[in-house]
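Residue numbers (my numbering), protein chains in the order written: chain H, 1 to 241; chain F, 242 to 482.
C-beta atoms are modelled at their ideal positions from N, C-alpha and C, and glycine is treated no differently.
None of the values given here were measured: they were computed from a predicted structure.
There are 2 protein chains.
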Amino acid sequence: MNVQFKKMKPLKSYQHVVDEIVKAICDGKLKAGDRLPPEMKLKELFDTSRGTIREALRVLEQKGLIAIRTGVKGGARVLEANTKPMSDNVAILIRQQKVSLQNLAEFREMMEGHISEQAAKMADKNDIKVLNTILSQAKDHIKTKPSSWKEFHKMDASFHRLLAQIAGNPLLEANLVAVHDNIQIYFHQYLPWSEALLLDNYKDLCDIAKAIEQKDPILACRLAKDHVSKFNELMEKNLND
Amino acid sequence: MNVQFKKMKPLKSYQHVVDEIVKAICDGKLKAGDRLPPEMKLKELFDTSRGTIREALRVLEQKGLIAIRTGVKGGARVLEANTKPMSDNVAILIRQQKVSLQNLAEFREMMEGHISEQAAKMADKNDIKVLNTILSQAKDHIKTKPSSWKEFHKMDASFHRLLAQIAGNPLLEANLVAVHDNIQIYFHQYLPWSEALLLDNYKDLCDIAKAIEQKDPILACRLAKDHVSKFNELMEKNLND
DNA sequence: ACGATCAAACTGTCGGACAGTTTAATCTTT
DNA sequence: AAAGATTAAACTGTCCGACAGTTTGATCGT
Numbered sequence: 001m002n003v004q005f006k007k008m009k010p011l012k013s014y015q016h017v018v019d020e021i022v023k024a025i026c027d028g029k030l031k032a033g034d035r036l037p038p039e040m041k042l043k044e045l046f047d048t049s050r051g052t053i054r055e056a057l058r059v060l061e062q063k064g065l066i067a068i069r070t071g072v073k074g075g076a077r078v079l080e081a082n083t084k085p086m087s088d089n090v091a092i093l094i095r096q097q098k099v100s101l102q103n104l105a106e107f108r109e110m111m112e113g114h115i116s117e118q119a120a121k122m123a124d125k126n127d128i129k130v131l132n133t134i135l136s137q138a139k140d141h142i143k144t145k146p147s148s149w150k151e152f153h154k155m156d157a158s159f160h161r162l163l164a165q166i167a168g169n170p171l172l173e174a175n176l177v178a179v180h181d182n183i184q185i186y187f188h189q190y191l192p193w194s195e196a197l198l199l200d201n202y203k204d205l206c207d208i209a210k211a212i213e214q215k216d217p218i219l220a221c222r223l224a225k226d227h228v229s230k231f232n233e234l235m236e237k238n239l240n241d
Numbered sequence: 242m243n244v245q246f247k248k249m250k251p252l253k254s255y256q257h258v259v260d261e262i263v264k265a266i267c268d269g270k271l272k273a274g275d276r277l278p279p280e281m282k283l284k285e286l287f288d289t290s291r292g293t294i295r296e297a298l299r300v301l302e303q304k305g306l307i308a309i310r311t312g313v314k315g316g317a318r319v320l321e322a323n324t325k326p327m328s329d330n331v332a333i334l335i336r337q338q339k340v341s342l343q344n345l346a347e348f349r350e351m352m353e354g355h356i357s358e359q360a361a362k363m364a365d366k367n368d369i370k371v372l373n374t375i376l377s378q379a380k381d382h383i384k385t386k387p388s389s390w391k392e393f394h395k396m397d398a399s400f401h402r403l404l405a406q407i408a409g410n411p412l413l414e415a416n417l418v419a420v421h422d423n424i425q426i427y428f429h430q431y432l433p434w435s436e437a438l439l440l441d442n443y444k445d446l447c448d449i450a451k452a453i454e455q456k457d458p459i460l461a462c463r464l465a466k467d468h469v470s471k472f473n474e475l476m477e478k479n480l481n482d
């Protein structure tokens with residue numbers, strides 16, 4: 001016996017179910033929108049109990065791979081790849097106070113800089129057009145009442161997300177969204193929003209878009225970082241009051 | 242009725258259990274290492290069935306908050322905050338082919354650059370000492386047989402992780418580890434490891450450490466990015482053969 | 001033709017049972 | 001008395017059966 005065998009702990013049976021279904025989804029045998037068989041059918045397919053199946057479904061749900069609905073025609077449906085689990089993870093790290101607002105802000109600044117830099121390298125004519133469409137929509141929402149500022153912020157988020165898509169890195173995009181999901185409460189709560197600040201925000205975005213249009217990665221990177229950093233500093237100042 | 246009420250879908254009862262326990266952990270009422278009551282006790286505490294409790298425990302387990310053991314003195318124990326769920330998420334995105342190796346590599350290059358830059362700003366005397374300790378250990382593992390190269394790679398990983406710790410951003414550290422977990426298989430499989438390559442790797446780390454010691458963030462950033470990028474390119478070249 | 005009612009297909013929740021695993025105490029055996 | 005074997009106790013792992021709640025589509029009544 002020279003060899004070191006690993007303790008072969010038998011998988012818990014729900015884990016087997018999870019693994020099989022994850023594999024099916026990743027292999028494309030189950031596509032987004034597809035329905036999984038009902039619990040009773042799964043129970044037969046995997047030859048286990050309903051309890052075991054339900055534990056497996058909870059795990060898959062939590063991984064963001066499926067969503068479950070009650071009623072006839074209900075059951076588990078495969079979801080499009082999404083960023084919810086990533087956001088949840090970040091949220092927990094924050095709630096555990098392992099990650100501070102500064103940590104979050106620094107991470108975002110790094111990403112936004114890099115994203116804008118890449119976007120400036122990659123953007124084609126159509127990307128620029130879509131970018132400008134979003135900007136003009138954002139502008140419209142400033143002119144009206146504060147009640148529609150929420151719409152502006154949505155446009156702002158879309159702008160940043162679109163940049164990430166142009167940059168062409170889904171991992172970057174997922175992290176950006178996760179960070180955004182967790183930082184926006186602070187922004188809404190602690191920034192002294194006014195029409196002037198919205199305009200300032202808007203102008204920054206325009207400058208970034210312009211740098212991207214002119215295919216100037218260095219400038220785009222610096223503008224994006226400055227933009228993020230400016231709003232972070234503003235928030236921190238207000239946070240201490 | 243001017244107001245829009247949200248559809249008050251009552252929480253599924255396992256979700257209530259999850260929320261309460263997450264809250265307890267985040268509020269510090271449950272600390273790492275603490276034991277949760279056994280399922281039977283939890284069932285009484287939350288006044289539900291054992292099945293519901295078990296579904297909740299599966300979710301908490303998947304979130305990386307607890308680990309469960311069988312037997313007497315077993316049960317659910319609260320874990321230290323860890324990066325496993327983050328790694329799992331990234332792994333799924335890769336398996337779904339939403340994230341390519343290039344995406345992973347680009348993300349890593351961005352992070353390593355930023356981390357080294359920050360580390361150069363933050364490092365104190367002691368940090369430098371620990372860094373050099375790791376480096377000398379790494380060096381020892383090169384001189385010996387290929388069987389101990391695994392140890393070198395462990396040291397390499399420790400080095401990068403330590404940089405992230407010096408940089409002082411746990412979010413960055415978590416993402417670095419997650420990316421590393423998912424990229425290392427490629428490195429082991431597709432890089433033509435030899436004593437020369439290990440030495441090259443080692444030398445890069447030394448240069449980065451030196452730049453950090455000399456408090457030169459710009460240089461540290463560039464060296465780190467170059468290092469990562471060099472090995473990525475090498476791998477891609479071998480990947481196409 | 002239109003709304004009310006009802007049946008069917010599901011998930012959500014409960015209780016009970018027993019098998020499997022791990023720890024610690026107890027009981028041998030030398 | 002020390003080392004090993006046995007056993008009891010405290011847990012989780014798995015199964016079954018039952019019924020309530022929810023949603024959809026068909027059926028019925030007007």
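Residues bridged to residue i [DSSP beta-bridge criterion]
{"i": "V319 of chain F", "result": "F:I307"}
{"i": "R276 of chain F", "result": "F:R318"}
Extent of the continuous alpha helix (DSSP H) to which residue i belongs
{"i": "F152 of chain H", "result": "149 to 167"}
{"i": "G354 of chain F", "result": "342 to 363"}
{"i": "L176 of chain H", "result": "170 to 190"}
{"i": "M235 of chain H", "result": "217 to 239"}
{"i": "Q137 of chain H", "result": "125 to 143"}
{"i": "K84 of chain H", "result": "84 to 95"}
{"i": "S13 of chain H", "result": "13 to 26"}
Neighbourhood of residue i by C-beta, 7 angstroms cutoff - its chain only, sequence neighbours within 5 removed
{"i": "P433 of chain F", "result": "N479"}
{"i": "A211 of chain H", "result": "A120, L219, A220, L223"}
{"i": "A398 of chain F", "result": "H421"}
{"i": "Y202 of chain H", "result": "A138, K139, I142"}
Within-7 angstroms CB hit, residue i to chain H
{"i": "K282 of chain F", "result": "no"}
{"i": "V300 of chain F", "result": "yes"}
{"i": "I267 of chain F", "result": "It is worth fixing the name first, because residue 267 of chain F is Cys in this sequence and not Ile. Answer yes: the Cβ-Cβ gap between C267 of chain F and chain H drops below 7 angstroms somewhere."}
{"i": "L417 of chain F", "result": "no"}
{"i": "L412 of chain F", "result": "yes"}
{"i": "E296 of chain F", "result": "yes"}
{"i": "N243 of chain F", "result": "The predicted position of N243 of chain F is uncertain, since its pLDDT is 45 and thus under 50; no value can be drawn from it."}
{"i": "H355 of chain F", "result": "yes"}
{"i": "Q303 of chain F", "result": "yes"}
Same chain, Cβ closer than 8 angstroms to residue i, neighbours up to 5 away in sequence not counted
{"i": "V22 of chain H", "result": "L60, K63, L65"}
{"i": "M363 of chain F", "result": "I407, A408, G409"}
{"i": "S49 of chain H", "result": "K43"}
Simplified DSSP state of residue i, which is helix, strand or coil
{"i": "G51 of chain H", "result": "helix"}
{"i": "D532 of chain F", "result": "With chain F running from 242 to 482 in the structure shown, residue 532 of chain F is simply not present."}
{"i": "L283 of chain F", "result": "helix"}
{"i": "P10 of chain H", "result": "coil"}
{"i": "L30 of chain H", "result": "coil"}
{"i": "K451 of chain F", "result": "helix"}
{"i": "V300 of chain F", "result": "helix"}
is_contact[residue i, chain F] using C-beta, thresh 7 angstroms
{"i": "R108 of chain H", "result": "no"}
{"i": "N89 of chain H", "result": "yes"}
{"i": "A250 of chain H", "result": "Residue 250 of chain H falls outside the range modelled here, since chain H spans only 1 to 241, and no answer is possible."}
{"i": "D86 of chain H", "result": "Reading off the sequence shown, one finds Met at residue 86 of chain H, where the question assumed Asp. Closer than 7 angstroms to some Cβ of chain F, the Cβ of M86 of chain H qualifies, so yes."}
{"i": "K98 of chain H", "result": "yes"}
{"i": "A81 of chain H", "result": "yes"}
{"i": "P217 of chain H", "result": "no"}
{"i": "N232 of chain H", "result": "no"}
{"i": "R95 of chain H", "result": "yes"}
{"i": "G51 of chain H", "result": "yes"}
Spatial neighbours of residue i in its chain, beta-carbon cut-off 6 angstroms, leaving aside the 5 residues before and after
{"i": "L372 of chain F", "result": "A450"}
{"i": "D251 of chain H", "result": "The structure shown has nothing for residue 251 of chain H, since chain H only spans 1 to 241."}
{"i": "W149 of chain H", "result": "none"}
{"i": "R336 of chain F", "result": "none"}
{"i": "E296 of chain F", "result": "Y255"}
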